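Residue numbers (my numbering), protein chains in the order written: chain A, 425 to 803; chain B, 47 to 399.
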């Protein structure tokens, strides 16, 4: 059976070049980067080269990149570390209501520690309107965190404008850019955010490594205490092989990005057109244009999402009902509900996420199966 | 082409072996755990839909090499089972939520989902037999007398029976455990589940309190004449015929004979007060026949664990029957189900009024 992978927002396949870049750091250059001998220094060099490469690609300074074990860790650290370090100025945070659970649940944790959190509503397309952020600002607000692009519906936020509003009020701005980095052109010398989280396995890098960009001079509390790695702010022996893989993956992802974006978007738009042609009642969730090049998210009123998902899996097609993190069983997505979509439609939602790995044959196969499944229901 | 069957897998030994047997019989098998209830705070190993149950079921599916999914039935379970359960208690009745679960979840919503996925059958690890005779699907007792589970399945319709498989029908429990061991299933020696899955430690009152916000108030035990005999802990702690745990010393055995919701009283009486010659049942389902048109002889079961009693079933209006016992029966309890048997065949059943 033809296997079709359309869940690239959950994770992506490691690129061959990335694997090759990583291999020497498993059995040859396996030294601890904190050791003074040559073997250790090789590892140290590899990490610093990776840091420089990533910094250059994002237009920031190398010392502003901190490696973590995941995007979730970067999110947790940014929210909790910034809140802790600046709580003397106030205890109010603002996040959007469609954040990933890594941000949402960190915010809930901070609420239990005595912080106050405002959850910004979004419009029907999942966009945080700048005026809504302005209205939520308070004298005791210390941090705003709004994701660059949403993992479920792919909506891209007006990040530069939102960050500017925060800065106009003297407030730090963090963005969870896990879905954006590697897929979108990101130039942090233009977009002025104070902190940004990202993760390697979303752009054909390895799992188990992420990073936090933290603007120079912004104070943060360490999240993991121990050794002096990552400038005393993130203890723990570095995941050298992962860090090397992350840098290589980002380099590859951003090479020829406009060409890749055009390729993915063409497939995506074809998919959107063809799926909607099956049944006019099928709804595209998210923004019609301001969305990630690889993201589609549909509600199928005639069929439950879980049934569709299993039926697709049995035909060798991997898709998602939304965010993989709530996937013990399908729960209506908080993102779709925040967009004002009914519980019923939210439960029938499916996400197909593409990458530059996706082929025309993948899309054709999906469309054949979807037509079969949906026509069976209408009979 | 192989027939496709979706097996409800609870992570227990019965449904695990059921899945294995179907695979052996040549079906294309898909395993599904119906997530119907999950309370992380009270995640008991024994309850049927805890996270550990999902882990167990997933492991079994991996061992058997079948696809496995978790389906979310929490909302419909909440409406059709838990809400029914609490409402019945609030009305002074003693409901059987497992019967409601079979009726609305396992053989209705689950079957619907299975069909949408193009499955031919659903299957469970129940001990019961489905046979087709003269164009009609019949529900019959399992070979295992001790484990027979036809009682909570009396609501199955012809259409549901036509699409249901019970692979454990010909087996005894020890055989099932033996098969599980041979297959290398880690759940072979897991204890049988006993209690209602969403009630922890038989604490019905706290389920009712948490859900409805209605405080369970203590009240009086009274005798048949209304004389106060003592205090009870709240009416939801008691059921008709109960003798133990009353905390009343009257010199002779007393039983719960009536639950008076309006007065918040539990009426106690001697053994004779809980004997009944007959009962009325409603909300009927017949399996072996379309409807009851004339009185028939049958044996009836008035509780899951009770012994069958000989009786005559008489039609009584549209959706009611009168069940007249040959010998008076103890503790006929409103809200419980009565199931009618003719030999090994389930004639039908209904809810005691």
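Here a beta-carbon is modelled for each residue, glycine too, at the ideal position from N, C-alpha and C. Bear in mind that the values here come from a model prediction, so they are computed numbers and not experimental data.
Quick check on residue i: does DSSP put it in helix, strand or coil?
{"i": "residue 621(A)", "result": "strand"}
{"i": "residue 780(A)", "result": "coil"}
{"i": "residue 298(B)", "result": "coil"}
{"i": "residue 446(A)", "result": "helix"}
{"i": "residue 99(B)", "result": "helix"}
{"i": "residue 91(B)", "result": "The predicted position of residue 91(B) is uncertain, since its pLDDT is 42 and thus under 50; a value taken from the coordinates is nonetheless stated next. Three-state result, residue 91(B): coil."}
{"i": "residue 315(B)", "result": "strand"}
{"i": "residue 239(B)", "result": "coil"}
{"i": "residue 80(B)", "result": "strand"}
{"i": "residue 647(A)", "result": "coil"}
{"i": "residue 548(A)", "result": "coil"}
{"i": "residue 678(A)", "result": "helix"}
{"i": "residue 683(A)", "result": "helix"}
{"i": "residue 600(A)", "result": "strand"}
Tell me which residue opens and which closes the alpha helix (DSSP H) that residue i is part of.
{"i": "residue 143(B)", "result": "143 to 147"}
{"i": "residue 159(B)", "result": "156 to 162"}
{"i": "residue 21(B)", "result": "In the structure as shown, chain B starts at 47 and stops at 399, and residue 21(B) therefore has no counterpart that could be examined."}
{"i": "residue 218(B)", "result": "Premise fails: residue 218(B) is in no alpha helix (DSSP H) and is neither H nor E."}
{"i": "residue 731(A)", "result": "729 to 738"}
{"i": "residue 205(B)", "result": "204 to 208"}
{"i": "residue 50(B)", "result": "It is not in any alpha helix (DSSP H) - residue 50(B) instead sits in the beta strand (DSSP E) that spans 50 to 54."}
{"i": "residue 591(A)", "result": "583 to 592"}
{"i": "residue 533(A)", "result": "525 to 536"}
{"i": "residue 374(B)", "result": "Note, residue 374(B): premise wrong, no alpha helix (DSSP H); beta strand (DSSP E) at 366 to 376."}
Hey, residue i and residue j: beta-carbon distance below 8 Å or not?
{"i": "residue 742(A)", "j": "residue 760(A)", "result": "no"}
{"i": "residue 212(B)", "j": "residue 170(B)", "result": "yes"}
{"i": "residue 734(A)", "j": "residue 167(B)", "result": "no"}
{"i": "residue 491(A)", "j": "residue 711(A)", "result": "no"}
{"i": "residue 430(A)", "j": "residue 778(A)", "result": "yes"}
{"i": "residue 663(A)", "j": "residue 493(A)", "result": "yes"}
{"i": "residue 582(A)", "j": "residue 762(A)", "result": "no"}
{"i": "residue 601(A)", "j": "residue 670(A)", "result": "no"}
{"i": "residue 495(A)", "j": "residue 645(A)", "result": "no"}
{"i": "residue 135(B)", "j": "residue 242(B)", "result": "no"}
{"i": "residue 151(B)", "j": "residue 126(B)", "result": "yes"}
{"i": "residue 482(A)", "j": "residue 675(A)", "result": "no"}
{"i": "residue 584(A)", "j": "residue 551(A)", "result": "no"}
Taking C-alpha atoms, which residue in the options lies nearest to residue i?
{"i": "residue 132(B)", "options": "250(B), 227(B) and 208(B)", "result": "250(B)"}
{"i": "residue 147(B)", "options": "201(B), 187(B) and 98(B)", "result": "201(B)"}
{"i": "residue 233(B)", "options": "103(B), 79(B) and 262(B)", "result": "103(B)"}
{"i": "residue 337(B)", "options": "354(B), 317(B) and 359(B)", "result": "359(B)"}
{"i": "residue 76(B)", "options": "99(B), 106(B) and 82(B)", "result": "106(B)"}
{"i": "residue 435(A)", "options": "505(A), 590(A) and 718(A)", "result": "718(A)"}
{"i": "residue 612(A)", "options": "693(A), 489(A), 530(A) and 450(A)", "result": "489(A)"}
{"i": "residue 64(B)", "options": "305(B), 278(B) and 223(B)", "result": "223(B)"}
{"i": "residue 204(B)", "options": "394(B), 112(B) and 72(B)", "result": "394(B)"}
{"i": "residue 573(A)", "options": "740(A), 782(A), 715(A) and 694(A)", "result": "715(A)"}
{"i": "residue 323(B)", "options": "349(B), 144(B) and 369(B)", "result": "369(B)"}
{"i": "residue 591(A)", "options": "603(A), 618(A) and 608(A)", "result": "618(A)"}
{"i": "residue 554(A)", "options": "587(A), 605(A), 484(A) and 775(A)", "result": "587(A)"}
{"i": "residue 190(B)", "options": "181(B), 172(B) and 206(B)", "result": "172(B)"}
{"i": "residue 51(B)", "options": "219(B), 139(B), 57(B) and 158(B)", "result": "158(B)"}
{"i": "residue 138(B)", "options": "356(B), 371(B), 375(B) and 306(B)", "result": "306(B)"}
{"i": "residue 218(B)", "options": "192(B), 109(B), 206(B) and 227(B)", "result": "192(B)"}
Could you give the residue range of the beta strand (DSSP E) that holds residue i?
{"i": "residue 344(B)", "result": "342 to 347"}
{"i": "residue 182(B)", "result": "182 to 186"}
{"i": "residue 520(A)", "result": "516 to 520"}
{"i": "residue 360(B)", "result": "355 to 361"}
{"i": "residue 329(B)", "result": "321 to 332"}
{"i": "residue 473(A)", "result": "Where residue 473(A) is concerned, there is no enclosing beta strand (DSSP E), although the alpha helix (DSSP H) it sits in stretches over 462 to 482."}
{"i": "residue 384(B)", "result": "383 to 388"}
{"i": "residue 115(B)", "result": "114 to 118"}
{"i": "residue 767(A)", "result": "Note, residue 767(A): premise wrong, no beta strand (DSSP E); alpha helix (DSSP H) at 767 to 771."}
{"i": "residue 569(A)", "result": "565 to 569"}
Check whether the Cβ of residue i sits closer than 7 Å to any heavy atom of the ligand MN, and report yes or no.
{"i": "residue 774(A)", "result": "This structure lacks the ligand MN; in fact it carries no ligand of any kind."}
Quick check on residue i - is its C-beta less than 8 Å from some C-beta in chain D?
{"i": "residue 731(A)", "result": "Given the protein chain composition of this structure (A and B), no chain D is represented."}
Residues of the stretch 553 to 570 of chain A with a CB closer than 8 Å to any CB of chain B: list them in chain order, please.
none
What residues from the stretch 733 to 746 of chain A come within 9 Å of chain B, judged by C-beta to C-beta, listed N to C?
733, 734, 735, 737 and 738
Chain A contacts from the stretch 117 to 145 of chain B (Cβ-Cβ distance under 7 Å)
117 and 118
Within 8 Å of chain A by C-beta, residues of the stretch 160 to 179 of chain B in sequence order
162, 163 and 164
So if I threshold CB-CB distances at 8 Å, which residues from the stretch 101 to 117 of chain B count as touching chain A?
113, 115, 116 and 117
Name, going along the chain, the residues of the stretch 485 to 517 of chain A whose beta-carbon falls closer than 9 Å to a beta-carbon of chain B.
none
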